[in-house]
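Asks: Numbering (the numbering used here), first residue to last: 127 to 606.
I am attaching a structure below and will ask some questions about it afterwards.
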Amino acid sequence: MYPIKIVGMGPGGIDYLTLAAMSALTGQGKVYLRTDRHPVVADLVQNGMVYTSFDDYYDQFETFEEVYRAIADEIKRLSETGPITYAVPGNPFVAEKTVSYLMEEVAERIEIVHGASFIDAIVTALHYDPVGGLVIADALNVENERIDTTKDHLFIQVYDQTTASMLKLELMNYWPDEKVVTIIKGAGIPNVEMIKKVPLYELDHQAEDFNHLTSLFVSGGDGVKHELFELEAIMRQLRAEDGCPWDREQTHESLTPYLIEEAYEVKEAIDEQDDEALVDELGDVLLQIVFHATIASEDGYFEMSDIIKAVCEKMIRRHPHVFSDVTVRDSDEVLTNWQAIKNIEKDSKSVTDSMLAVSKSLPGHIRSQKVQKKAAEVGFDWKSASDAVSKIEEELNEVKEALSNNDEAALHEEMGDLLLIIGNVARLSGIDAEQALVDATEKFIRRFSFIEAELEKEGLSPSPQLLERMEALWTLSKKW
Numbered sequence: 127m128y129p130i131k132i133v134g135m136g137p138g139g140i141d142y143l144t145l146a147a148m149s150a151l152t153g154q155g156k157v158y159l160r161t162d163r164h165p166v167v168a169d170l171v172q173n174g175m176v177y178t179s180f181d182d183y184y185d186q187f188e189t190f191e192e193v194y195r196a197i198a199d200e201i202k203r204l205s206e207t208g209p210i211t212y213a214v215p216g217n218p219f220v221a222e223k224t225v226s227y228l229m230e231e232v233a234e235r236i237e238i239v240h241g242a243s244f245i246d247a248i249v250t251a252l253h254y255d256p257v258g259g260l261v262i263a264d265a266l267n268v269e270n271e272r273i274d275t276t277k278d279h280l281f282i283q284v285y286d287q288t289t290a291s292m293l294k295l296e297l298m299n300y301w302p303d304e305k306v307v308t309i310i311k312g313a314g315i316p317n318v319e320m321i322k323k324v325p326l327y328e329l330d331h332q333a334e335d336f337n338h339l340t341s342l343f344v345s346g347g348d349g350v351k352h353e354l355f356e357l358e359a360i361m362r363q364l365r366a367e368d369g370c371p372w373d374r375e376q377t378h379e380s381l382t383p384y385l386i387e388e389a390y391e392v393k394e395a396i397d398e399q400d401d402e403a404l405v406d407e408l409g410d411v412l413l414q415i416v417f418h419a420t421i422a423s424e425d426g427y428f429e430m431s432d433i434i435k436a437v438c439e440k441m442i443r444r445h446p447h448v449f450s451d452v453t454v455r456d457s458d459e460v461l462t463n464w465q466a467i468k469n470i471e472k473d474s475k476s477v478t479d480s481m482l483a484v485s486k487s488l489p490g491h492i493r494s495q496k497v498q499k500k501a502a503e504v505g506f507d508w509k510s511a512s513d514a515v516s517k518i519e520e521e522l523n524e525v526k527e528a529l530s531n532n533d534e535a536a537l538h539e540e541m542g543d544l545l546l547i548i549g550n551v552a553r554l555s556g557i558d559a560e561q562a563l564v565d566a567t568e569k570f571i572r573r574f575s576f577i578e579a580e581l582e583k584e585g586l587s588p589s590p591q592l593l594e595r596m597e598a599l600w601t602l603s604k605k606w
């Protein structure tokens, strides 16, 4: 195995080519170029460079990834018979996938000859200091980038009009259509360099603006798409000494009712199929999560990143049929595996353990149905809803007895038993007891609204003295 010398050819103009690079590329045998579509190649040839390029690889393979992989493999193969000089545009360590592959696999045999990167040429052309924070992103992979609109961005490899169109559409999710952006083409190359400012919506209007030397600069600010970190920053400001007194006073315990309330309001928005309300209510739930995370962070217990990490790891663990080699036939088997994995996580060794793991903070009917379902999974259940109905009559008689005896403790217990068996009948019938009660309450409100409206027509309002009239109207309301 022989050495591999990797040379950076700079961004374009010969003025950017280092003396070491000039020496390595001229007068020392054949040079292999990733591409000869580089303005400095003609100057290098005039100075004695003999080369072979890999440009034909771009026609042989379907993706850039395949091209770069193949070039790296060929460079390694060639180095088996003698020393190799391989040249790439710009700086070898900036946006050069072939170099990344080679460094990962044969780093001990590689010598790097520095070259100025295209970024040097771009910041010079823009008279821009990147020290304040410049995010460099690949225009071909922008949909996988997390764009922070508060920071300046440089999008590289805007090869053609199609790439520009795709980039424009993605960036419009983050910045206003009228946001002024800067197209940089041929930075650092005399008589070629072009700097052009256009509104974002016009980015892809001129095909001649784009080639392999084109990048796009977008300044930070003016974002229309907000990120989670912005909400975290707002909450930290609210909790600061000069922030909001109410927000500063809150604790995990004091916030609990709000989280429950917001969750129910999300459900209401879903039930009403109101997307606008759903956006608002989900935001309120997210606010509560960030609020709790901020309090915990202040106390040194955990941060928002810990919450995200925990749920990501949980989802991966509980979906081995997606992230591992487990095979499932249907969603029922998915749920079975999910519960088994959950039991392991919570160290549930018995059915009782799994019952105790059902949150005591759940609404009674919901917790009851979850607990009864776990008993049913091991065969401890009624054969049918019809069989369970007979138990309702038994429990109802016990409620009547407790009432007649004026026994409050017994009434509390028997009323709970009655509600439990009603929940069982609902479960066995495939009815969500909680939703059934919600719907019944809505029906009650509608009927009482009818009573109140009818009384208003008579110049009256609900009162105990009008009970007989209200009962008559109640009966009438059932017809509507």
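Don't be surprised by glycine CBs; every beta carbon is placed ideally from N, CA and C.
1. Would you mind giving the Cβ-Cβ distance between G117 and G241, rounded to the nearest angstrom? I have them listed as a contact below 8 angstroms.
2. Using only CA atoms, which one of S555, E188, D558, A528 lies nearest to L544?
3. Report the residue from G369, P590, E524 whose alpha carbon sits nearest the alpha carbon of A536.
4. Apart from the five residues on each side of it in sequence, which residues of its chain come closer than 7 angstroms, Cβ to Cβ, to W508?
5. Per DSSP, what are the beta-bridge partners of S179 in this structure?
6. By Cβ distance below 6 angstroms, which residues in the same chain neighbour F355 in space, the five residues on each side in sequence not counted?
7. Taking the CB atoms as reference points, tell me whether T161 and F180 lie closer together than 8 angstroms.
8. So what does F343 bridge to, in DSSP terms?
9. Go through its chain and collect everything with a Cβ distance to V149's Cβ below 7 angstroms, but skip five positions before and after it.
10. Going along the chain, which residues of its own chain have a beta-carbon closer than 7 angstroms to the beta-carbon of I282, five neighbours each way excluded?
11. So within the stretch 173–225, which uninterrupted alpha helix (DSSP H) runs reach at least 4 residues, ignoring any that extend past its ends?
12. Among all the DSSP beta bridges, which residues are the ones paired with T136?
13. Which runs of the alpha helix (DSSP H) fall wholly inside the stretch 488–538 and span at least 4 residues, in chain order?
14. Quick one: what's L260 bridged to in DSSP?
15. Which ranges does the alpha helix (DSSP H) cover as unbroken runs of at least 4 residues, wholly within the stretch 553–595, from first to last along the chain?
16. Using DSSP with H/G/I as helix, E/B as strand and the rest coil, what is M127?
17. Hey, would you say P165 sits closer than 8 angstroms to I315, going by beta carbons?
18. Run through the stretch 386–456 for me and flag every whole alpha helix (DSSP H) of 4 or more residues, listed as ranges in chain order.
19. Using three-state DSSP, classify P316 as helix, strand or coil.
20. Along the chain, where does the alpha helix (DSSP H) that runs through E237 open and close?
21. With a threshold of 16 other CB atoms inside 10 Å of the CB of M596, please say whether the residue is buried or exposed.
22. Whole-angstrom Cβ separation of R493 and V484, contact assumed at under 8 angstroms?
23. What separation, rounded to the nearest whole angstrom, lies between the Cα atoms of S380 and M361?
24. What does the Cβ neighbour count give for W301, buried or exposed, with the cut at 16 atoms within 10 Å?
25. Going by DSSP in three states, K294 sits in which element: helix, strand or coil?
26. Please report the Cβ distance between Y158 and Y212, rounded to the nearest whole angstrom; I am assuming they are in contact, meaning their Cβ atoms lie under 8 angstroms.
27. Look at R444 and I470 and say whether their C-beta atoms are less than 8 angstroms apart.
28. Could you spell out the range, first to last residue, of the alpha helix (DSSP H) harbouring S485?
29. Would you identify the three-state DSSP class for P165, choosing helix, strand or coil?
30. Which class does I547 belong to by DSSP, given the choice of helix, strand or coil?
31. Report all residues from its chain with a CB closer than 8 angstroms to the CB of F428; omit the five preceding and five following residues, and keep chain order.
32. Starting from the Cα of I140, find the closest Cα among D397, V167, V497, G409 and give me that residue.
33. With distances taken Cα to Cα, identify the nearest neighbour of N317 among A251, M481, L143.
34. With a CB to CB cut of under 7 angstroms and the five nearest residues on each side skipped, what residues in its chain are close to E560?
35. Beta carbon of E391, beta carbon of E407: below 8 angstroms?
36. Would E358 pass as a contact of V416 if the rule is Cβ separation under 8 angstroms?
Replies: The answer reads as follows:
1. No answer is possible for residue 117: the residues shown for the chain start at 127 and end at 606.
2. In the sequence shown, residue 544 corresponds to position 418, counting from 1. Nearest C-alpha to L544: A528.
3. Residue numbering aside, residue 536 sits at position 410 when the sequence shown is read from its first letter. For A536, the nearest C-alpha among the options comes from E524.
4. For the purposes of this step, residue 508 is identified with residue 382 of the sequence shown, where counting begins at 1. Closer than 7 angstroms at the Cβ level, and outside the excluded window around W508, lie A514, N550, L554.
5. For the purposes of this step, residue 179 is taken as residue 53 along the sequence shown, with counting starting at 1. Partner(s): L159.
6. Here residue 355 refers to the residue found at position 229 when the sequence shown is read from its first residue. Taken in chain order, the list of residues that qualify is empty.
7. For the purposes of this step, residue 161 is taken as residue 35 along the sequence shown, with counting starting at 1. For the purposes of this step, residue 180 is taken as residue 54 along the sequence shown, with counting starting at 1. Taking 8 angstroms as the Cβ cut-off, T161 and F180 qualify as a contacting pair.
8. Taking the sequence shown and counting its residues from 1, one reaches residue 343 at position 217. Its beta-bridge partners are L280, T308.
9. Counted from its first residue, the sequence shown places residue 149 at position 23. Per the sequence shown, residue 149 should be read as Ser rather than Val. Only residues of its own chain outside the window of five on either side were considered, and among them none has a CB closer than 7 angstroms to the CB of S149.
10. Within the sequence shown, the letter at position 156 stands for residue 282. So the list reads A221, I262, D264, A265, S341, once near-sequence residues are dropped.
11. 183–186, 190–204
12. Here residue 136 is taken as the residue at index 10 of the sequence shown, counted from 1. The question names Thr, yet the displayed sequence has Gly at residue 136. Answer by DSSP bridge pairing, in chain order: G216.
13. Correct list: 490–502, 511–530.
14. Along the sequence shown, read from residue 1 onward, the residue named residue 260 stands at position 134. DSSP lists D278 as partners of L260.
15. 559–583
16. In the sequence shown, residue 127 corresponds to position 1, counting from 1. It is coil, neither helix nor strand.
17. For the purposes of this step, residue 165 is identified with residue 39 of the sequence shown, where counting begins at 1. For the purposes of this step, residue 315 is identified with residue 189 of the sequence shown, where counting begins at 1. In this structure, I315 lies closer than 8 angstroms to P165 by Cβ.
18. 401–424, 430–443, 446–449
19. Locating residue 316 in the sequence shown gives position 190, where the first residue counts as 1. Coil, per DSSP.
20. Locating residue 237 in the sequence shown gives position 111, counting from the first residue. Not the alpha helix (DSSP H): E237 falls in the beta strand (DSSP E), residues 236–239.
21. Position 470 of the sequence shown holds residue 596. M596 comes out buried.
22. Numbered from its first residue, the sequence shown carries residue 493 at position 367. Numbered from its first residue, the sequence shown carries residue 484 at position 358. Confirmed, Cβ separation roughly 6 angstroms.
23. Residue numbering aside, residue 380 sits at position 254 when the sequence shown is read from its first letter. Residue numbering aside, residue 361 sits at position 235 when the sequence shown is read from its first letter. Roughly 16 angstroms between the two C-alpha positions.
24. For the purposes of this step, residue 301 is identified with residue 175 of the sequence shown, where counting begins at 1. It counts as buried.
25. Taking the sequence shown and counting its residues from 1, one reaches residue 294 at position 168. Helix, per DSSP.
26. Translated into the one-based positions of the sequence shown, residue 158 becomes position 32. Translated into the one-based positions of the sequence shown, residue 212 becomes position 86. Yes, they are in contact, since the Cβ atoms of Y158 and Y212 sit about 5 angstroms apart, within 8 angstroms.
27. Position 318 of the sequence shown holds residue 444. Position 344 of the sequence shown holds residue 470. Cβ atoms of R444 and I470: not closer than 8 angstroms.
28. By one-based count along the sequence shown, residue 485 stands at place 359. Run containing S485: none; DSSP gives neither H nor E here.
29. What you label residue 165 is simply residue 39 of the sequence shown in a count that begins at 1. It is coil, neither helix nor strand.
30. Sequence index remark: in the sequence shown, residue 547 carries index 421 (1-based). Helix, per DSSP.
31. In the sequence shown, residue 428 corresponds to position 302, counting from 1. Only A419, A422 meet the Cβ criterion.
32. Within the sequence shown, residue 140 is the residue found at index 14, counting from 1. Answer by Cα proximity: V167.
33. Stepping through the sequence shown from its first residue, residue 317 is reached at position 191. The residue with the shortest Cα to Cα distance from N317 is A251.
34. To locate residue 560, count along the sequence shown from 1; it is residue 434. Contacts found: P489, H491, I492.
35. As a first step, residue 391 is located in the sequence shown; it is residue number 265 there, counting from the start. As a first step, residue 407 is located in the sequence shown; it is residue number 281 there, counting from the start. Taking 8 angstroms as the Cβ cut-off, E391 and E407 qualify as a contacting pair.
36. By 1-based counting over the sequence shown, the position of residue 358 is 232. By 1-based counting over the sequence shown, the position of residue 416 is 290. In this structure, V416 lies closer than 8 angstroms to E358 by Cβ.
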